[in-house]
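In the working numbering, the protein residues as written are 1 to 81.
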């Protein structure tokens, strides 16, 4: 599977910007890693390739937010960098 440099960068951004609340890391805020439409297109591409997923994340206080995270396949790709 071909991974572009932009996709590799996004994989790292998702990993490095996980929400740190509570005793363990939580899903990454989409707004933190996707600053513009081009970033959102890269995230969508990762989702289509099965490397990332989007959905609702939750804070320690129980508030929800739009979130993204890597799948197991995405984690393997990110570690290969």
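Every residue gets a Cβ at the ideal spot worked out from N, C-alpha and C, and that includes glycine. Quick caveat, the model's predicted, so the values are computed rather than measured.
- Residue pairing by DSSP places residue 66 opposite 56 in a beta bridge.
- About 19 Å separates the CB atoms of residue 64 and residue 52; that is not less than 8 Å, and the two are not in contact.
- Membership of residue 28 in the beta strand (DSSP E) is indicated by the continuous run 26–29.
- In this structure, the beta-carbon distance from residue 54 to residue 67 falls below 8 Å.
- The three-state reading of DSSP puts residue 77 in helix, counting H, G and I together.
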